[in-house]
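Everything on this sheet refers to the single structure shown next.
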Amino acid sequence: MHIKIGTRGSKLALWQAYYVEDLLQKGGVTTEIVIIETKGDKILDRSLSKIGSKGVFTQELEDQLRSGDIDIAVHSAKDLQSHLDDDFELIAFTEREHANDVLVSHNTTLSLGSGEPFVVGTSSTRRIAVLKHYYPHIKIVDMRGNLQTRFRKLEEGQCDALLLAYAGVHRMEYDGSIAEHLLLDEFTPAVGQGSVAIENSVSLSQEKKDTLKKLLNHEQTEICLRTERAFLKRLQGGCSIPVFALAILNHDEITISGGIISLDGQELIRRSESGSSAFPEELGTALADELLEAGADRILKDIKTQNGTL
């Protein structure tokens, strides 16, 4: 069996693709990596919320899935839009790395909670809003680009620190620059953060689907991410919407904590739910409905009005 793996071309994206390739080759599958540039890789002078949240890092990969030029697309699970077209499916989620955010700097004595004002670079609407909510003394500058580009901007003095996902920092071996591991209760991650998602066309052969599922899927991670993605789908979240959720599996019970925060950081709504791991999507949807009843619908409307998407 031969599998063509589609990926973006950044070092982190290639790390993920090689990780998937290694798992497949250990299972006796031959592989080929196909590098594809996406809209999110080309447009670096605007924030993600300004270039549209749907398919920013995935559309071009999906075009080649549809044409059959690749068998699978490898994504950071957090970059996937909440709704896939009917001709695509997520066949596997790799075992999740620690899901938390980290503060990264050449000055590893920096701490958000110190009260000291300094400049943090991030392009995430979620991280920006959370900083405004909990740490209003921090100055924020927009920081697009791959991990290496952001570290170069840090070196150039465009900011004092970066806010990043631990998973990417760790995979690129920048652990020595971590100044602070941020609390999950404050910086609850983006849906899917820390896992690699494998997407395929539904028309892919059943034999290949079965092999991919067997060699790549981590069942416990899949249960958690299906819970989180159902939550995201119900809220119609994307890169421009600061929603967050983290599901944790303990034996046969899932606990998911999730919420939404206004763009200015002034209003934050957070709830949690627990339930059977047999019904992950139902649990995620139930949490989203609870948030909507608590006022998330109004925050969503305000955000879409500000973004010009309503």
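Heads up, my numbering is the position in the sequence shown plus 28, with the first residue counted as 1.
Just so it is clear, CB atoms sit at the ideal spot from N, CA and C, and this is done for glycine as well.
When the Cα of residue i is compared with those of the options, which residue comes out closest?
i, options, result
"GLY55", "ILE31, LEU42, PHE121 and ILE61", "ILE31"
"LEU315", "TYR47, THR177, ILE251 and ALA258", "ALA258"
"ASP170", "LEU260, LYS241, GLN176 and ARG155", "ARG155"
"ILE284", "THR216, HIS111, GLU208 and LEU192", "THR216"
"ALA120", "GLY312, HIS134, THR239 and GLU281", "THR239"
"GLN294", "ILE331, THR59, LEU112 and ALA101", "ILE331"
"THR153", "ASP188, LEU140, GLY265 and THR249", "GLY265"
"LYS329", "PHE179, ILE289 and VAL57", "ILE289"
"GLU49", "GLY323, ASP325 and ILE226", "ILE226"
"THR249", "LEU274, LEU260, ALA41 and VAL230", "LEU274"
"LEU93", "ARG124, SER104 and SER231", "SER231"
"GLU88", "GLY96, SER104, THR66 and SER95", "THR66"
"ASP325", "THR35, ALA207 and LEU296", "LEU296"
"ASP113", "LEU190, GLU90, ARG36 and VAL57", "GLU90"
"GLY96", "HIS279, ASP115 and LEU260", "ASP115"
"TYR163", "MET29, ASP292, GLU301 and SER304", "ASP292"
"ALA41", "SER104, LEU52 and MET29", "SER104"
"ILE276", "LEU52, HIS126 and SER142", "HIS126"
Under the assumption that residue i contacts residue j (Cβ atoms under 8 Å), give the Cβ distance between them as a whole number of angstroms.
i, j, result
"ARG299", "GLU318", "5 Å"
"THR122", "ASP107", "Contact doesn't hold; Cβ gap of about 14 Å is too wide."
"VAL224", "TYR47", "7 Å"
"SER268", "ASN174", "Their Cβ separation, rounded to whole angstroms, is 20 Å, which puts SER268 and ASN174 out of contact at 8 Å."
"GLU247", "GLY312", "The Cβ separation is near 17 Å, so there is no contact."
"ARG178", "TRP43", "Contact flag wrong, Cβ pair sits at about 16 Å."
"SER205", "VAL132", "5 Å"
"ASP203", "VAL197", "7 Å"
"GLU214", "VAL158", "6 Å"
"ILE98", "THR59", "Between THR59 and ILE98 the Cβ distance is about 11 Å, and since that is not below 8 Å, they are no contact."
"TYR194", "ASN128", "5 Å"
"PHE146", "ILE168", "Contact flag wrong, Cβ pair sits at about 11 Å."
"ILE282", "ILE327", "So it is not a contact: roughly 25 Å between Cβ atoms."
What residue range is occupied by the uninterrupted beta strand (DSSP E) comprising residue i?
i, result
"GLU117", "116 to 121"
"LEU277", "271 to 278"
"GLU247", "Here GLU247 belongs to no beta strand (DSSP E); instead the alpha helix (DSSP H) covers 247 to 263."
"ALA207", "206 to 209"
"ALA189", "189 to 193"
"ASN228", "224 to 229"
"GLY34", "30 to 35"
Would you call residue i buried or exposed, if buried means 16 or more other Cβ atoms sit within 10 Å of its Cβ?
i, result
"LEU182", "buried"
"VAL271", "buried"
"ASN228", "buried"
"ALA306", "exposed"
"GLN234", "exposed"
"VAL102", "buried"
"ILE63", "exposed"
"ARG254", "buried"
"GLN109", "buried"
"LEU244", "buried"
"LEU211", "exposed"
"ARG262", "buried"
"GLN221", "buried"
"PRO308", "buried"
"GLY286", "buried"
"ARG180", "exposed"
"SER304", "exposed"
"GLU184", "exposed"
"SER142", "exposed"
"GLU201", "exposed"
"HIS209", "exposed"
List the endpoints of the continuous alpha helix (DSSP H) containing residue i.
i, result
"LEU182", "175 to 183"
"GLU281", "Segment 281 to 289 is the beta strand (DSSP E) holding GLU281; no alpha helix (DSSP H) there."
"THR239", "234 to 244"
"SER95", "87 to 95"
"GLU310", "308 to 319"
"VAL57", "From DSSP, VAL57 is part of no alpha helix (DSSP H); its letter is neither H nor E."
"VAL219", "Where VAL219 is concerned, there is no enclosing alpha helix (DSSP H), given that its DSSP letter is neither H nor E."
"ALA153", "The displayed chain sequence assigns Thr, not Ala, to residue 153. Looking at the DSSP string, the run of the alpha helix (DSSP H) that includes THR153 is 153 to 162."
"LYS332", "325 to 335"
With DSSP as the reference, please indicate the residues paired to residue i in a beta bridge.
i, result
"HIS134", "Answer is none; HIS134 lacks a bridge partner."
"LEU40", "For LEU40, which the question treats as bridged, DSSP gives no partner whatsoever."
"LEU296", "ILE289"
"VAL148", "ILE168 and ALA189"
"LYS106", "LYS106 is not bridged to any residue."
"GLU214", "Answer is none; GLU214 lacks a bridge partner."
"GLY303", "ILE282"
"ALA101", "GLY34 and GLU227"
"ILE64", "According to DSSP, which records beta bridges pairwise, ILE64 is partnered with nothing at all."
"ASP129", "ALA193"
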